[in-house]
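The block underneath contains the structure these notes are about, expressed in structure tokens.
Residue numbers (our numbering): 281 to 449.
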């Protein structure tokens, strides 16, 4: 088990051993200093998430945004206590350049009538970049020892990410 508090982890290990005789459990102290937001889908047919948000935007951006916000205070504390700089990396894509042509690209996220899978993907990747840039600015302003960046991972043709793309079968 990866734990922040070794004593609490050992207590859980003992409780598990009482329930499951012979269970093999290792307890290791691990801090939370680095986060890589990497989950993603690409060029999917129009679908809404369980929260009624276009699936690519929900998966590629909002999930990362939520996870980052839920863990950010812990990351700040870890950076302060360990005196090691924390890092948050949002995987984006050079596909961020391919977005809906006019107006604010985020105005019609759930608009099925004008939906184009590659534009929606680009929109979600643009949101990753904007999030990392704004988070970096805010962390710097408050003096937190955490950097936030976005990056393009390079060519990823041989993964399942492009299964809806059409050019790759």
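No residue lacks a Cβ here, since even glycine has one placed at the ideal position from N, Cα and C.
It should be emphasised that the depicted structure is a prediction, and the values quoted were computed from it without experimental measurement.
Coarse secondary structure for residue 282, derived from DSSP in three states: Your numbering for residue 282 matches position 2 in the chain shown. It is a strand residue.
For residue 258: DSSP bridge partner residues: It is not possible to answer for residue 258, since the shown part of the chain is limited to 281 through 449.
Classification of residue 322 by the beta-carbon crowding that lies within 10 angstroms, buried from 16 upward: Residue numbering aside, residue 322 sits at position 42 when the chain shown is read from its first letter. Buried, since its Cβ has 16 or more Cβ neighbours within 10 Å.
Given 8 Å, three or more beta-carbon pairs between the region 295-312 and the region 409-422: no
Spatial neighbours of residue 345 in its chain, beta-carbon cut-off 7 Å, leaving aside the 5 residues before and after: For the purposes of this step, residue 345 is taken as residue 65 along the chain shown, with counting starting at 1. Excluding sequence neighbours, residue 345 sits near 411.
Per-residue DSSP class, three states only, for residue 355: Locating residue 355 in the chain shown gives position 75, counting from the first residue. In this structure, residue 355 counts as helix in the three-state DSSP scheme.
Own chain, CB closer than 7 Å to residue 285, minus 5 neighbours either side, in chain order: The residue given as residue 285 occupies position 5 in the chain shown. Taken in chain order, the list of residues that qualify is empty.
The region 300-316 contacting the region 353-361, beta-carbon criterion three pairs below 8 Å: yes
In DSSP terms, what residue 314 is bridged to: Here residue 314 is taken as the residue at index 34 of the chain shown, counted from 1. Answer by DSSP bridge pairing, in chain order: 367.
Residues bridged to residue 309 (per DSSP): One-based indexing of the chain shown puts residue 309 at position 29. Bridge partners of residue 309: 283.
CB of residue 422 within 9 Å of CB of residue 363, strictly: The residue given as residue 422 occupies position 142 in the chain shown. The residue given as residue 363 occupies position 83 in the chain shown. No, they are not a contact pair.
Cut-off 7 Å between Cβ atoms - residues of its own chain near residue 366, not counting five sequence neighbours on either side: What you label residue 366 is simply residue 86 of the chain shown in a count that begins at 1. The answer, listed in chain order, is 313, 314, 355, 358, 359, 425, 426.
Three-state secondary structure (DSSP) of residue 382: Within the chain shown, the letter at position 102 stands for residue 382. Note: residue 382 maps to coil in three-state DSSP.
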